[in-house]
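Novice: Residue numbers (this note's numbering), protein chains in the order written: chain A, 3 to 116; chain B, 770 to 880. Take this structure, written in structure tokens, and hold onto it; I'll ask about it next.
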Amino acid sequence: DGGITQSPKYLFRKEGQNVTLSCEQNLNHDAMYWYRQDPGQGLRLIYYSQIVNDFQKGDIAEGYSVSREKKESFPLTVTSAQKNPTAFYLCASKRAPGFLETQYFGPGTRLLVL
Amino acid sequence: EDQVTQSPEALRLQEGESSSLNCSYTVSGLRGLFWYRQDPGKGPEFLFTLYSAGEEKEKERLKATLTKKESFLHITAPKPEDSATYLCAVQASGTGNQFYFGTGTSLTVIP
């Protein structure tokens, strides 16, 4: 089955700790995205990548980092510099950045602070 | 500034009671408007894409329409399984073809 997988489903972070959220897709999509979802707010873009080994900051990149070493994978690290990391994190992918079509979303990871 | 606003924030309907959800947008260079359904604790699921004013799309009890300033998601004779949050997003031609999302409408259909 083609799709996007995110792991883990739940993640707990201690103060001062970096944590990494996994996102993998087997749709052969070029573009991948990370969003943060908070109650009462729309999805906000953290980072996006249009091609392997290249990525751009979104609207709320501070305290986050990403890598794109393989087309299928786009992990997100929440660093200790992100002071309010509790949120629902969504990974998405799209065939190519310029194509007029939807993004497809993974099931999400909920990050909680201990 | 590109902006997407959805209303109402929450909507409670009796089963069979038809209604509409609104998504108004102000973007420079609309490339597409997208509707998604999101169940609690899950990722958004794609419903429709609309590209130009006057366009309509239908799927089961849902019908999406688009004007130059807003889109409506009409729900005809809803069932309890239609309960979810409905998200609207627009893709603009500037700023790297980013998607801009509204805050969603939480729909509850009561049996």
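We put the CB at the ideal spot given by N, CA and C, even for glycine.
#1: Is Gly-18 (chain A) close to chain B, meaning its C-beta is less than 8 Å from at least one C-beta of that chain?
#2: Once DSSP output is grouped into helix, strand and coil, what is the label at Ser-850 (chain B)?
#3: If the criterion is Cβ atoms closer than 8 Å, does the pair Tyr-50 (chain A) and Met-34 (chain A) meet it?
#4: Would Glu-839 (chain B) pass as a contact of Tyr-869 (chain B) if the rule is Cβ separation under 8 Å?
#5: What are the boundary residues of the beta strand (DSSP E) that includes Arg-781 (chain B)?
#6: On the criterion of 16 or more Cβ atoms from any shown chain inside 10 Å, does Leu-113 (chain A) qualify as buried, or is it exposed?
#7: Let me check understanding here. Comparing Cα to Cα, which of A:Gly-18, A:Lys-85, A:Gln-39 and A:Phe-76 lies closest to Thr-7 (chain A)?
#8: Would you call the segment 782-801 of chain B and the segment 841-860 of chain B touching, i.e. three or more CB-CB distances under 8 Å?
#9: What does Asn-791 (chain B) pair with, by DSSP beta-bridge criteria?
Specialist: Considering the structure as presented:
#1: Here the question's residue 18 (chain A) lines up with position 16 in the first sequence. No, because no Cβ of chain B sits closer than 8 Å to the Cβ of Gly-18 (chain A).
#2: Counting from 1 along the second sequence, the entry for residue 850 (chain B) is found at position 81. Note that residue 850 (chain B) corresponds to Glu in the displayed sequence, not to Ser. It is helical.
#3: Residue 50 (chain A) sits at position 48 when you count from the first residue of the first sequence. Residue 34 (chain A) sits at position 32 when you count from the first residue of the first sequence. Yes, they are a contact pair.
#4: As a position in the second sequence, residue 839 (chain B) is number 70, starting the count at 1. As a position in the second sequence, residue 869 (chain B) is number 100, starting the count at 1. Against a cut-off of 8 Å, the Cβ pair of Tyr-869 (chain B) and Glu-839 (chain B) comes out as no contact.
#5: What you label residue 781 (chain B) is simply residue 12 of the second sequence in a count that begins at 1. 779-783 is the span of the beta strand (DSSP E), which, as asked, contains Arg-781 (chain B).
#6: Counting from one through the first sequence, the residue named residue 113 (chain A) turns up at place 111. Burial call: buried.
#7: Along the first sequence, read from residue 1 onward, the residue named residue 7 (chain A) stands at position 5. Answer by Cα proximity: A:Phe-76.
#8: yes
#9: Sequence index remark: in the second sequence, residue 791 (chain B) carries index 22 (1-based). BP columns for Asn-791 (chain B) point to B:Ser-776 and B:Phe-841.
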